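Engineer: With this note's numbering, you'll find the sequence shown wraps up at 777, consecutive numbering, no jumps. A virtual CB, placed ideally from N, CA and C, is assigned to each residue, including glycine. Remember, it's a predicted structure, so these values are computed and weren't measured experimentally. Take a look at the following structure, please.
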Amino acid sequence: MTRTELLESTFFYRANGTTTRVYIYQDYDDAPDHDTGPSSIPGNKHCRLGNGTSLKRVDDNTFKNIATGELLFRIKPKK
């Protein structure tokens, strides 16, 4: 069975300087271990906006909105 946990919730900047909250999740797959009991194996990480829109990781500081193509930045863009 797979479970998902919230790893991080942080603000990212849009190109116009406004902010939006980005949620970063981690999937875990259950892996029974007969010696030590149940354990979990980390799976995929995925990112979403508050409204559920999926984001694609471009690099550590940039995400792309899958629906609109808009880029979101961890560091405020220079004008």
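1) Give the range of the beta strand (DSSP E) segment to which residue 741 is assigned.
2) Around the Cβ of residue 709, are there at least 16 other Cβ atoms within 10 angstroms (buried) or fewer (exposed)?
3) Have a look at residue 750 and residue 730 and give me their C-alpha separation to the nearest angstrom.
4) Can residue 743 and residue 754 be called in contact, C-beta distance under 9 Å?
5) Excluding five sequence neighbours on each side, which residues of the same chain lie with their C-beta closer than 6 Å to the C-beta of residue 705?
Structural biologist: In this structure, then:
1) 737-747
2) Residue 709 is exposed by the Cβ-count criterion.
3) 31 Å
4) no
5) 722 and 724
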